[in-house]
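Here UniProt numbering is used: position 331 in the sequence shown is 331, and no number is missing along the way. By construction, the Cβ of each residue, glycine as well, lies at the ideal position given by its N, Cα and C atoms.
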Amino acid sequence: MTTDPAPNLSDIFNQDIGHEVTAIDDVPNLSAIEIDPDVAAEEYRQETIEPMRALLGDEEIQTVEEQLNSPCVEEIAAFDNFVDFMDSPEYDVVVFDTAPTGHTIRLMELPSDWNAELEKGGSTCIGPAASMDDKKADYERAIDTLSDESRTSFAFVGKPESSSIDEIERSASDLAELGISSQLLVVNGYLPESVCEDPFFEGKRADEQAVIDRVQSTFDQQALATYPLQPGEIAGLELLSDVGGVLYDGEEATVDVDAATRRATNEDTVDFDSFTDGDAVAEELVPVEETRYLFFTGKGGVGKSTIASTTAVSLAEAGYETLVVTTDPAAHLADIFEQPVGHEPTSVGQANLDAARIDQERALEEYRTQVLDHVREMYAEKDDTQIDVEAAVANVEEELESPCAEEMAALEKFVSYFEEDGYDIVVFDTAPTGHTLRLLELPSDWKGFMDLGSLTKGAAPANGGKYDEVIETMQDPSRSSFAFVMYPEFTPMMEAYRAAMDLQDQVGIETSLVVANYLLPEDYGDNAFFENRRAQQAEYLEEISERFDVPMMLAPLRQEEPVGLDDLCEFGADVTGLDGVGEDDREEVTVS
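Next up, the structure:
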């Protein structure tokens, strides 16, 4: 079961799966499901409302329906599916392919958060608490199950890179605070020794092995598994069986060494440069007359944060006042810049460049203060002495304890960056694909919900117009550019393409740019293993170009990930098309 809003089980098993439990072809005892958050939300609404229809009048039913139009319902509905399968008697084992790290931590927190909310009784934005006693029991059982090591195992999967392992260590600590221990770590995609025959790839392999050595000294050896990079993609039953044998049966990983070490020929040569136009890429990055907003998104692990940071540094180098913001709960900017990055924009040591990250707890506290101050001001302006102001404030305070308030607070902070003064460009390093779609839909969703009017929504400052402006700005290609980052393989390409179609259909936002990352350098890897992968990359670059039909930024694999301003400047000069942009080329920008 996948809880990732951008699922790819169908791609991996080479068959359609979707929102219904589907038997996997040719594998007895195995079924799969990809939870669709929109379908799950509608199922949840109907399941909640249906028992009330015989008990309540039309007006009361309408009130409940308005409550259940809250965007938070998608979150709790997806979790309901998670809980249902967790205790399903028809399965011996349930495997959850969860969303990327920061959002998985949020998923694990939900049963405790919603359980606390339901214990208060009264009304919630996921339905009347009195009608949800069964849910409360489910959430209590989920809490017990998740923290029971005899029933639940938690596995992290990461690349052999320091940044990936750093994130895993932070997340394992966060889970431990929730009473959940992690019992397995898989390091995926290390370079096989037999194919690394030149200084570039020997150096990369040495760096990877240093990371693996670090992991072996930090994590329990019995709970560590590694799997090598293969000449092709991991999909289909044969390769999945090979992976399973290595991870769980102690088998040796197989790489076709004989084919891998065959010398490459001139026929194998691939020209990546033919896929890009530096000037066209640069046009999508620079502002024209007003502040430009750049969004970088894509599948987890494709290098979004590095590409966003690199672009921000290059724009600042070109003289544009630039702010780079991460909305990803697993924030990497501090690691990339080697500088502290906080909740408010601060310099990272380069002229024209500030950085910030959304701190969920700070954002929530700011939002609560904003709403409560507005409530007090609203009642202070009224002459009605019959109103118990403190009781009204207490009521709003209680609503603000709902987990929904966290989502609204994050949205408020996101929207606030459209109001930051003094920047020519704001670069957003966003969460992985499905969660970015959710974030970008929120202004529309909450705008509609606020139009319905309920206590907290009515108590909130008049944000509907502000959300309209943000939506219009994101839909305006002269002011906003949306870039999908991917490495050229089927799964990240298709995840990005489906997300781009959803972005267009659901939010009215067009994709402006694609970034193909981790391209194998042509000067190294002179054997069949790397030439096979280069040829595969070239085929996918062709398909990416045809599917998206927008300018493409090409970013090569480096021996070491760019870290620090010097590395980012050098990398940006190679990939952004901005190297030649200077004072003479820049148009005057009216900043926000």
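Element boundaries [beta strand (DSSP E), containing residue i]
i: Tyr227; result: 224 to 228
i: Ala355; result: 353 to 357
Terminal residues of the alpha helix (DSSP H) in which residue i lies
i: Val246; result: 237 to 248
i: Asp213; result: 199 to 218
i: Pro37; result: 37 to 49
i: Phe571; result: 565 to 575
i: Val325; result: Counting along the chain, Val325 falls outside any alpha helix (DSSP H), though it belongs to the beta strand (DSSP E) covering 322 to 326.
i: Leu541; result: 528 to 548
i: Thr306; result: 304 to 317
i: Ala176; result: 162 to 177
i: Phe337; result: 333 to 337
i: Phe490; result: 490 to 502
i: His343; result: Looking at the DSSP string, His343 is not in any alpha helix (DSSP H), and its letter there is neither H nor E.
i: Arg53; result: Arg53 -> no alpha helix (DSSP H), and no H or E assigned at all.
i: Tyr379; result: 360 to 380
Integer-rounded CB distance, given that residue j should sit under 8 Å from residue i
i: Ala308; j: Val427; result: 5 Å
i: Val313; j: Gln350; result: 7 Å
i: Arg479; j: Glu290; result: 6 Å
i: Tyr190; j: Leu229; result: 7 Å
i: Tyr487; j: Tyr518; result: 4 Å
i: Pro551; j: Ile425; result: Their Cβ separation, rounded to whole angstroms, is 17 Å, which puts Pro551 and Ile425 out of contact at 8 Å.
i: Leu578; j: Leu315; result: 7 Å
i: Thr326; j: Phe414; result: Rounded, the Cβ-Cβ distance is 11 Å, inconsistent with contact.
i: Phe295; j: Ala23; result: Their Cβ separation, rounded to whole angstroms, is 38 Å, which puts Phe295 and Ala23 out of contact at 8 Å.
i: Asp335; j: Pro345; result: Incorrect: roughly 18 Å between the Cβ atoms, too far for contact.
i: Ala40; j: Ala78; result: 5 Å
i: Asn352; j: Gly319; result: 7 Å
i: Gln559; j: Gly203; result: 5 Å
i: Glu539; j: Asn8; result: That pair is no contact at about 19 Å.
i: Ile180; j: Ser147; result: 6 Å
Residue i (DSSP reduced to helix, strand or coil)
i: Gly189; result: strand
i: Asp4; result: coil
i: Tyr417; result: coil
i: Gln15; result: coil
i: residue 596; result: Look at the range of the chain in this structure, 1 to 592, and you will see that residue 596 is not part of it.
i: Ile509; result: coil
i: Ile425; result: strand
i: Phe156; result: strand
i: Leu68; result: coil
i: Asp523; result: coil
i: Asp579; result: coil
i: Leu184; result: strand
i: Leu9; result: helix
i: Asp476; result: coil
i: Glu390; result: helix
i: Ala253; result: coil
Own chain partners of residue i with C-beta closer than 7 Å, once the 5 adjacent residues on each side are dropped
i: Gln504; result: Glu510
i: Ala260; result: Note on Ala260: pLDDT 47, under 50, position unreliable in the model; the coordinate value appears next. Only Ser194, Val195, Pro231, Asn527, Ala528, Phe529 meet the Cβ criterion.
i: Thr265; result: Caution is warranted here: a pLDDT of 47 is assigned to Thr265, below 50, making its placement in the model unreliable, and the coordinate value is therefore given only provisionally. Cβ neighbours of Thr265 beyond the five flanking positions: none.
i: Ser162; result: Val211
i: Glu233; result: Glu489, Phe490
i: Leu557; result: Tyr518, Leu519, Leu520, Pro521
i: Leu364; result: Ala405, Glu406, Ala409
i: Gly236; result: Asn14
i: Gly458; result: Because Gly458 sits at a pLDDT of 46, beneath the cut-off of 50, its placement in the model cannot be relied upon, and the following sentence gives the value as read from the coordinates. Once the five neighbours on either side are set aside, Gly458 has no close Cβ partner at all.
i: Phe219; result: Leu185
Close beta carbons around residue i, own chain, < 8 Å, minus the five adjacent residues each side
i: Asp359; result: Gly342, His343
i: Ser10; result: Asp16, Ile17, Gly18, Glu34
i: Leu400; result: Tyr367, Arg368, Val371, Leu372, Thr456
i: Cys569; result: Val313, Ser314, Glu317
i: Ala155; result: Ser182, Gln183, Leu184, Leu185, Val186
i: Pro340; result: Ala334, Thr346
Same chain only: Cβ atoms within 6 Å of residue i, ignoring 5 sequence neighbours per side
i: Leu224; result: Leu185
i: Asp279; result: none
i: Ser454; result: Only weak support is given to the placement of Ser454: the predicted model assigns it a pLDDT of 44, under 50, and the value that follows is read from those uncertain coordinates. Answer for Ser454: no residue qualifies.
i: Asp97; result: Thr2
i: Ile12; result: Ala235
i: Leu30; result: Ile24
Residues that residue i bridges to, as DSSP identifies them
i: Ser150; result: DSSP lists no partner for Ser150.
i: Leu554; result: Ala516
i: Glu34; result: Thr2
i: Phe482; result: Phe295
i: Ala23; result: Ser31
i: Asp97; result: Thr2
Distance cut-off 7 Å: residue i Cβ against heavy atoms of the ligand HEM
i: Ala312; result: Ligands displayed in this structure: none; no statement on the ligand HEM is therefore possible.
Beta carbon proximity, residue i to chain D, threshold 8 Å
i: Ala176; result: Looking for chain D here will not work: only one protein chain is present.
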